[in-house]
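Peer 1:
There are 2 protein chains.
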Amino acid sequence: MGALSTVDHAVDLLFALSASAEPEGVTALSRRLGLPKANVHRLLATLLQRGLVEQDERRRYLPGSALVALGLQRLDRDPVTAAARGELEAAAAELGETVFLAGLRGGQLVVLDKAEGSGFLRAAPRIGETVPLHATAVGKLALAFAPDEVALGGAELRSFTATTATSHAALDAEVRRAALRGWAENREEWIAGLSVVAVPVLRAGRLVGALALAAATGRIESIGRLRTATRLQAAAKRIEARLVTPLPRTRSAEAGA
Amino acid sequence: MGALSTVDHAVDLLFALSASAEPEGVTALSRRLGLPKANVHRLLATLLQRGLVEQDERRRYLPGSALVALGLQRLDRDPVTAAARGELEAAAAELGETVFLAGLRGGQLVVLDKAEGSGFLRAAPRIGETVPLHATAVGKLALAFAPDEVALGGAELRSFTATTATSHAALDAEVRRAALRGWAENREEWIAGLSVVAVPVLRAGRLVGALALAAATGRIESIGRLRTATRLQAAAKRIEARLVTPLPRTRSAEAGA
DNA sequence: CAAGTCTGTTTCATATAATGGAACAATTGG
DNA sequence: CCAATTGTTCCATTATATGAAACAGACTTG
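The listed protein sequences correspond, in order, to chains A and B. So the first sequence is numbered by our numbering: it starts at 1 and just counts up by one. So the second sequence is numbered by our numbering: it starts at 258 and just counts up by one.
#1: Report the residue ranges of all alpha helix (DSSP H) runs contained in full by the stretch 411 to 492 of chain B; include only those spanning at least 4 residues, in chain order.
#2: Using the C-alpha atoms, what's the distance from A:A179 back to A:R85?
#3: Run through chain A and tell me which residues come within less than 8 Å of B:T263, C-beta to C-beta.
#4: Thinking C-beta only, is B:L327 closer than 8 Å to B:L301?
#5: By a C-beta neighbour count over all protein chains shown, 10 Å radius and 16 as the cutoff for buried, is A:G139 buried or exposed?
#6: Along the stretch 8 to 39 of chain A, what residues have a CB closer than 7 Å to any CB found in chain B?
#7: Please report the distance separating the alpha-carbon of A:T217 from that of A:L17.
#8: Looking only at C-alpha atoms, which of B:I496, B:R415, B:H266 and B:A422 sits nearest to B:A461?
#9: Using a C-beta cutoff of 8 Å, does B:S322 count as contacting chain A?
#10: Using a Cβ-Cβ distance under 8 Å, would A:V150 count as near chain B?
#11: Quick check: A:G34 and A:R60, are their CB atoms within less than 8 Å of each other?
#12: Who are the neighbours of A:I239 on chain B, taking C-beta pairs under 9 Å?
#13: Name the residues in the stretch 365 to 382 of chain B whose C-beta lies less than 7 Å from a C-beta of chain A; which are they?
#14: For A:E240, does the three-state DSSP call read helix, strand or coil?
#15: Label A:E254 either buried or exposed according to how many other C-beta atoms from any shown protein chain fall within 10 Å of its C-beta, with 16 as the threshold for buried.
#16: Per DSSP, what kind of secondary structure is A:G86 in: helix, strand or coil?
#17: Do B:T355 and B:A392 have their C-beta atoms within less than 8 Å of each other?
#18: What does A:V138 touch in chain B if you count any residue whose Cβ is under 9 Å from its own?
#19: Between the stretch 66 to 80 of chain A and the stretch 321 to 341 of chain B, can you find at least three pairs of beta-carbon atoms closer than 8 Å?
#20: Would you tell me roughly how many angstroms separate the C-alpha atoms of B:D405 and B:L464, rounded to the nearest one?
#21: Just the C-alpha distance for A:G193 and A:I223, rounded to the nearest angstrom, thanks.
#22: Would B:G513 be called buried (16 or more neighbouring beta carbons within 10 Å of its own) or exposed?
#23: Since A:D113 is in the alpha helix (DSSP H), which residue starts that stretch and which ends it?
#24: By how many angstroms is the C-alpha of B:L414 removed from the C-alpha of B:T420?
#25: Could you spell out the range, first to last residue, of the beta strand (DSSP E) harbouring B:T355?
#26: Nearest to A:D172 by CA position, among A:L202, A:T161, A:V196 and A:L133, is which residue?
#27: Leaving out five residues before and five after A:A198 in sequence, what residues of the same chain have Cβ atoms less than 6 Å from its Cβ?
#28: Contact criterion: CB-CB distance below 8 Å. Does A:G71 meet it with respect to chain B?
#29: Using a Cβ cut-off of 8 Å (strictly closer), state whether B:L332 contacts chain A.
#30: What residue range does the beta strand (DSSP E) around A:V53 cover?
#31: Can you grab the Cα-Cα spacing for the pair A:E189 / A:L202, in whole Å?
#32: By the criterion of Cβ-Cβ separation under 9 Å, what are the contact partners of A:G209 in chain B?
#33: Residues in the stretch 204 to 229 of chain A with C-beta within 9 Å of chain B's C-beta atoms, listed in sequence order?
#34: Measure from the C-beta of A:A45 to each C-beta in chain B and report whether the shortest distance is under 8 Å.
#35: Between which two residues does the beta strand (DSSP E) carrying B:L319 extend?
#36: Quick check on the DSSP output: the alpha helix (DSSP H) that includes B:S287 runs from which residue to which?
Shown next as structure tokens:
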């Protein structure tokens, strides 16, 4: 469809550079993306001028610091993230374990913000990281409360651990349970040893985020899953209260199709 | 000059969206950038596919969450951050208070990394947070050692506390003092109760970061500002030694702005 | 120390691919 | 309800990105 290929290639370069652990040269990138060297070089030169990529002393290219500015700017203007920030820290401090906020961005579930726990062994999600829908607590909430915004597709459910739900029937049962009781859990379904309890953050009945506590299974059990869920729900309530001032009035009638 | 105009325009859009406080429509953006509507629309559609921009419920455009992922990824591989990490922790452990690293990213001063102190009352900056230039110790260092990389503008100096420098004359005096003695301080000028001592991290004579200790005013006084500065300078020296890298030479004339 | 093989960079003819005016459709607002 | 926006699509035109090949540094290898 109508996508500007030049821009597309530039974006490919940004992601390629960001994905690779080390600075990469023009030749390597051109091979990886299947583009002519000259082309890659000009794209990089353009991005270089704008600070989206940089060069190291060996003239190899790496992601630019302008990306940091753009990314962090973006983080700060997210209304849900802003409203949740204080609650994340309060809950993490009180429970001593990592609490994070996830949300749907572009059909994918991404980590929006986090407040890490204090333990030596603690979950340390990466902000911006995308997490699987079918093997996480927040994913089940997304499937339960915003099924039309996510693209699970009829695809096969990849098995990460022994407890991953690999059949759609099993997953559906989990999702229904989450919808019923208002919170979801993940018992080492994605990463061995890691358990999560998550609650939804709603605005006008729509899911705008999910608040989750992630910790070693033993730690969560000693806190208590229900107690964790209750504590998170209180935080979610306060976040929701802070979100009720949104959108400059919409007059659109909800009536009819 | 050999810059791909299509990519350039796409980058313009990203910065324009990031700069404006609210989501913007195609028409507004086309006016601001002086590009035809159709063109802006296609550029946005391309960026939308890749998650670099998003649309709100009114179809207006805003920066996309993929920028967060790219930006955060970039933060982690920052050479200055990598070189400083160990020193941050060593200094924080030795002095018992929070030590953090700040740097200029896209004309703004942002927190790159931190090692928190052990006290019950301790500074806990957020990584990625941007801090004001005129009311912080690290900001004064930026103004003193990299005046052309920061955009203070002739703007008014917002007053945060009773001791904030609100006149350019007063600020200039502070900046000159910092340049002379090689370290800067902040005496509750930004946040009541919080004092900071900061030293520059230089590479090839250019400021690449600032190392700062942040603590309650009483704590800093009992450690001693000069002693703190001396300790931080030792750390900065070691960081600088780890950064000995010639800057890449550019053959073509460089266009500013 | 020199030849060879990698890099990154520049050139230039060519045709593709982005352009932008204008028509269209879907909103919003009065 | 109509008018004035907005976002989106269409399409001819040519400006623009393309990519093969030549060039120039840097680094390794014999």
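Every residue gets a Cβ at the ideal spot worked out from N, C-alpha and C, and that includes glycine. Note that this is a predicted model, so its numbers are computed, not measured.
Peer 2: The structure says:
#1: Fully enclosed alpha helix (DSSP H) runs of 4 or longer: 425 to 438 and 474 to 480.
#2: 25 Å
#3: L4, T6 and V7
#4: no
#5: Note on A:G139: 16 or more other CB atoms within 10 angstroms of its CB, so buried under the neighbour-count rule.
#6: D8, A10, V11, L14 and S18
#7: Answer to the nearest angstrom: the Cα atoms are 35 Å apart.
#8: B:I496
#9: yes
#10: no
#11: no
#12: Simply none; closest approach about 17 Å.
#13: Those would be Q365 and V367, in chain order.
#14: helix
#15: Residue confidence for A:E254 is low, a pLDDT of 28 falling below 50, so the modelled location carries little weight; the figure read from the coordinates is stated next. Classification for A:E254: exposed.
#16: helix
#17: Judged by beta-carbon spacing, B:A392 lies beyond the 8 Å limit of B:T355, meaning their Cβ atoms are not closer than that value.
#18: Going along chain B, no residue has its Cβ under 9 Å from A:V138, so there is no contact; the nearest lies around 15 Å.
#19: yes
#20: 11 Å
#21: 16 Å
#22: A caution first: B:G513 carries a pLDDT of 31, below 50, which makes its placement in the model unreliable, though a value can still be read off. Label assigned to B:G513: exposed.
#23: Element bounds for A:D113: not the alpha helix (DSSP H) but the beta strand (DSSP E), Q108 to A115.
#24: 12 Å
#25: T355 to R362
#26: Of A:L202, A:T161, A:V196 and A:L133, the residue nearest in Cα terms is A:L133.
#27: A137, V138, L141, A184, A210 and A212
#28: yes
#29: yes
#30: Counting along the chain, the beta strand (DSSP E) containing A:V53 begins and ends at V53 to Q55.
#31: Each residue's Cα considered, the two are about 25 Å apart.
#32: Under the 9 Å cutoff, chain B gives no residues; its nearest Cβ is about 12 Å from A:G209.
#33: none
#34: yes
#35: B:L319 -> beta strand (DSSP E) spans Y318 to P320.
#36: V283 to L290
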